[in-house]
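J.: Pasting a structure below so you can have a look.
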Amino acid sequence: MTTVSKVNILVVDDRPANLMALTETLAPLKQNVVKAISADEALKHLLQQEFAVILLDVQMPGMNGFELAKIIHSRPATCHTPILFLTAINRDAMYILKGYSLGAVDYLLKPLIPEIILAKVSVFVDLFQKNAELKRQAEELRTAYNILQVKEQEINRINHNHQLILNAVGEGIYGVDYQGKTTFLNPAAAKMLGYTIEEAIGKPECSILNSKVGKNGDRAFKCPICASLKDGLVHYNDRAEFQRKDGSYFPVEYICTPILEQHEIIGAVITFKDITERRNIERMKDEFISVASHELRTPLTTIQGSLKLLARGVYDGKPEKAKEMLEVALRGTDRMIRLTNDLLDLQRLTTGKYNLNKQLCIASDLIQQAIADVQRFGDLSKVTLQVYPISVQVWADPNAIVQTLTNLLSNAIKFSPANTTVWLSAEVIESHERFARSFQSKIALPCVLFKIEDRGRGIPAEKLEIIFERFQQIDVSDSREKGGSGLGLAICKSIVQQHGGSIWAESILGQGSIFYFTLPLTLDFGQKEMELKLDCGTRY
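Counting with this note's numbering, you get residues -1 to 538 for the letters of the sequence shown.
Written out as structure tokens, the structure reads:
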């Protein structure tokens, strides 16, 4: 135990000789003996210092010992200070009981025996020192506890921040111990794998992730996770597949980092992400390269063949035939230009470099211009165009909207059987009730709704959401049979969205498709009323 500094002992007596005698008696204790010749002086000392014990004479002039003891024990700071009463006069039991009732721990009669005084006082000195040491230790414990609380709060704050980060990270984070058992996973990992966090904790990694590492061979040697737990090195795999709870697999890219403690492998952290979309993009790019190569090679071959025939003079003297070959070459050139323009338009739209020149336009004028652009194609395909225009002003880039209508009409004609009809109509919509609930929040009102309907083969339900993405076609063979790059609908989507509108499709396989898009309609530029002129249907 740590040594406590000297303690104070208060001796109160109105006779200096008695004070001197008590001081000499207590000298062997080697403590601070404080002397008071009156009750008032004693109270002054008690206000300034703390005492281990008080030796108090009962019979004193003015305030006697009993009265002083009552005051001492009425104060919170001194109420527990032990008092030893000393007296040579009040020996009756009544006085002794009164002393004890006032909180005295002993009542000693004079003449005092030094050994008894010394023994009794030393007990209280020892108790005071031990109590002081306990207080000191309690204060140290309190300080240490407060420090621990602060540190615990800081650790909790850091852990909370780490948890927020883990929860916010879009990539899956998955931890295992040295045996490969799951120790933690973040919400993103749980969502991708189809498990709750509670279901996965404690289970072997191989039963949760069940990663594919190729056919044949020992998984323990081929699996990067197992390898990291064995060799303590970071391993990476960008061609793996993890299994979901429902048994399905999805492609992942992951990195496995071992956790080391004093050079010992105690586990590993697997960080992974679902690369399904990337794989789809890679597949679409491969398909697009194939389609684009075909689309470019076909007209180039035609142009090359026509020009070779002309260069060799095969059609010298046959101007009609030569002209026909030149027209073939020109059509091939036009086809290449269209493909190139589609690529450039999409690139400008997606990078924000496509500058829309918005102005007040009449919806019916835009429709008539689009019809004029596709009329010959419709005639050649033996498809009738039925139009229901509307004469209402819209704030739009006329060229961009005509391009959108032309793309949608061309697709409708392209996939329509001969001797069928394609319908194009427009109407003003002022209520969300016109739309399916799933579209209501996406459409700004009032708006002009454009509708292109055909009686073609239709679109599978699973394709309706993705046909507006770049390079998407219902069937890869479409590009070879029907022509086109798979960029037209993506361009339409970008144009409509940059006008603040929405675009979508509805279809039933074998019965045809309907494509819709909206343009917001506002009463700007001094328009007080919306004047609508509904035109009767026109066949082309």
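Glycine included, C-beta positions come from ideal geometry on N, C-alpha and C.
Taking C-beta to C-beta, are V420 and I411 nearer than 8 Å?
T.: Along the sequence shown, one-based indexing puts residue 420 at 422. Along the sequence shown, one-based indexing puts residue 411 at 413. Taking 8 Å as the Cβ cut-off, V420 and I411 qualify as a contacting pair.
J.: Rounded to the nearest angstrom, what separates L41 and I156 at their Cα positions?
T.: Position 43 of the sequence shown, counted from the start, is the residue given in the question as residue 41. Position 158 of the sequence shown, counted from the start, is the residue given in the question as residue 156. If you take the alpha carbons of L41 and I156, they lie about 54 Å apart.
J.: Nearest to E428 by CA position, among A416, A442, N417, T418, is which residue?
T.: As a position in the sequence shown, residue 428 is number 430, starting the count at 1. Looking at the Cα atoms, A442 is the closest of the given residues.
J.: Just tell me which of P222, L183, K228 has its CA closest to the CA of I206.
T.: Here the question's residue 206 lines up with position 208 in the sequence shown. The option with the nearest alpha carbon to I206 is L183.
J.: Please name the residue or residues paired with D175 in a DSSP beta bridge.
T.: Indexing the sequence shown from 1 puts residue 175 at position 177. Beta-bridge pairing links D175 to G265.
J.: Per DSSP, what kind of secondary structure is V494 in: helix, strand or coil?
T.: In the sequence shown, residue 494 corresponds to position 496, counting from 1. Of the three classes helix, strand and coil, the one that applies to V494 here is helix, per DSSP.
J.: Just to confirm my understanding: we take D175, look at its own chain, exclude 5 residues before and 5 after, and list those with CB closer than 8 Å. What are they?
T.: Locating residue 175 in the sequence shown gives position 177, counting from the first residue. The residues are T181, I264, G265.
J.: Between which two residues does the beta strand (DSSP E) containing F83 stretch?
T.: The residue labelled residue 83 in the question sits at position 85 within the sequence shown. Counting along the chain, the beta strand (DSSP E) containing F83 begins and ends at 81 to 85.
J.: If you draw a straight line from the C-alpha of Y105 to the C-alpha of E39, how long is it?
T.: Mapped onto the sequence shown, residue 105 falls at position 107. Mapped onto the sequence shown, residue 39 falls at position 41. Approximately 22 Å between the Cα atoms of the pair.
J.: Let's test the definition: count the other Cβ atoms within 10 Å of the Cβ of E514 and tell me whether it reaches 16, buried, or not, exposed.
T.: Within the sequence shown, residue 514 is the residue found at index 516, counting from 1. Inspection of the sequence shows that residue 514 is occupied by Tyr rather than by Glu. So Y514 counts as buried.
J.: Suppose contacts are defined by Cβ-Cβ distances below 8 Å. Is A190 in contact with G173 by that definition?
T.: Numbered from 1 along the sequence shown, position 192 holds the residue referred to as residue 190. Numbered from 1 along the sequence shown, position 175 holds the residue referred to as residue 173. Residue identity differs from the one stated: residue 190 is Met in this sequence, not Ala. Not in contact: M190 and G173 (Cβ atoms no closer than 8 Å).
J.: So is E322 buried or exposed if we call it buried at 16+ other beta carbons inside 10 Å?
T.: Indexing the sequence shown from 1 puts residue 322 at position 324. E322 should be labelled exposed.
J.: Report the start-end ranges of each alpha helix (DSSP H) in the stretch 378 to 421 that is 4 residues or longer and not cut off at the edges.
T.: Correct list: 396 to 412.
J.: Between the C-alpha atoms of T141 and K149, what's the straight-line distance to the nearest angstrom?
T.: Counted from its first residue, the sequence shown places residue 141 at position 143. Counted from its first residue, the sequence shown places residue 149 at position 151. If you take the alpha carbons of T141 and K149, they lie about 12 Å apart.
J.: Quick one: what's got a C-beta closer than 6 Å to G168's C-beta in the same chain, skipping five residues either side?
T.: For this step, residue 168 is matched to residue 170 along the sequence shown. Same-chain partners within the cutoff: A186.
J.: Taking all protein chains shown into account, decide if Q391 is buried (16 or more other Cβ within 10 angstroms of its Cβ) or exposed.
T.: On the sequence shown, residue 391 is found 393 positions in, with the first residue counted as 1. Label assigned to Q391: buried.
J.: Under the three-state reduction of DSSP, which class applies to D55: helix, strand or coil?
T.: For this step, residue 55 is matched to residue 57 along the sequence shown. Strand at D55.
J.: Cα-Cα, which of K33, L27, E22 is closest to D12?
T.: Taking the sequence shown and counting its residues from 1, one reaches residue 12 at position 14. Of K33, L27, E22, the residue nearest in Cα terms is K33.
J.: If you drop the 5 nearest sequence neighbours on each side, which residues of the same chain put their C-beta closer than 7 Å to that of G200?
T.: Against the sequence shown, residue 200 aligns to sequence position 202. These residues qualify, in order along the chain: K179, T180.
J.: Could you say which of Y252, V119, L139 lies nearest to V51 if we only look at CA atoms?
T.: The residue you call residue 51 lines up with position 53 of the sequence shown. The residue with the shortest Cα to Cα distance from V51 is V119.
J.: Quick check on the DSSP output: the beta strand (DSSP E) that includes L258 runs from which residue to which?
T.: On the sequence shown, position 260 is the one that residue 258 refers to. Element bounds for L258: 247 to 259.
J.: Is I465 helix, strand or coil by DSSP?
T.: Start at 1 with the first residue of the sequence shown, and residue 465 comes out as number 467. Note: I465 maps to coil in three-state DSSP.
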